[in-house]
Amino acid sequence: MRIRSFLTVSTAATAGAALLLAAAPQGLAAQPAAKTPVCKAKVLKLGAKQSKDARVVHISVKNTGARTCTIDRLPVVTFGDLDGAALPVPSGESGPYKVGAGKTVYAAVRTIADLKDPQARRVGTITVSANPNLNGRTFTAKQLGSSKKVKVWEPVTTWWKPSKAVADKALKKEVG
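Here it is in structure tokens:
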């Protein structure tokens with residue numbers, strides 16, 4: 562009895578699947594759902610430059626590969642030997658962010674709200690990563706375009722955006 566029940570369910574499932582395949586538009590049933598691959602470190606070119614506003618650093622990642630791939634939607638930005646990373650604004654969880662072949666995406670990082678803050682820490686490097694599973698790239702203060710150390714206190718970063726202007730706008734919206 563169990564075998565017969567199993568065969569009946571199995572036969573019904575097979576018949577149902579055949580009906581779905583027959584009803585699907587031409588060519589659609591034969592194609593599996595496409596998943597965008599995670600970008601490999603070797604196809605990512607990371608950049609960072611201090612903006613005209615000494616409190617803000619623009620970071621970027623370019624997909625130099627031939628295909629669209631994904632990075633984490635939250636950039637990882639750390640400062641010298643300080644503990645922790647810039648907090649994302651708005652707050653959120655990790656998730657995929659598609660970057661087209663040859664395309665660059667941007668984020669704005671506010672390293673400190675008030676340059677005269679007495680609690681400010683000073684660091685000589687900033688490390689940027691497009692994915693928490695990748696090491697990223699470290700930029701010296703000089704490479705950032707600053708001859709001095711970078712002041713840091715309660716840093717925040719936007720999510721990746723399609724342009725610097727959109728990243729700046731998102732930062733202003735979230736932190737003023």
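Residue numbers for the sequence shown follow the numbering used here, beginning at 562 and rising by one. The beta-carbon is built from N, C-alpha and C at its ideal position, and this holds for glycine as well.
According to the DSSP secondary-structure assignment, R628 is paired through a beta bridge with no residue. In the three-state reduction of the DSSP assignment, D675 falls in the coil class, being assigned neither a helical nor a strand state.
The beta-carbon separation of T597 and P657, rounded to 7 Å, stays under the 8 Å limit for a contact. Per DSSP, reduced to three states, the secondary structure at V650 is coil, with no helix or strand assignment.
Exposure of L676 is indicated by the presence of fewer than 16 other C-beta atoms within 10 angstroms of its C-beta. The beta carbons of A669 and I632 sit no closer together than 9 Å.
D633 carries a strand assignment under DSSP once its states are collapsed to helix, strand and coil.
Rounded to the nearest angstrom, the gap between the Cα atoms of K710 and I687 is 10 Å.
Here P636 is buried. Its C-beta has 16 or more other C-beta atoms within 10 Å. Where L605 is concerned, the enclosing beta strand (DSSP E) starts and stops at L605 to Q611.
Burial of S690 is indicated by the presence of at least 16 other C-beta atoms within 10 angstroms of its C-beta. Spatial neighbours of A627 in its own chain (CB-CB distance under 7 Å, excluding positions within 5 residues in sequence) are listed in chain order as A662. According to DSSP, residue pairing for R698 in a beta bridge involves V689.
Ranked by Cα distance from W721, the options D614, Q611 and V638 are led by V638.
In this structure, L732 places its C-beta atom within 9 Å of the C-beta atom of R671.
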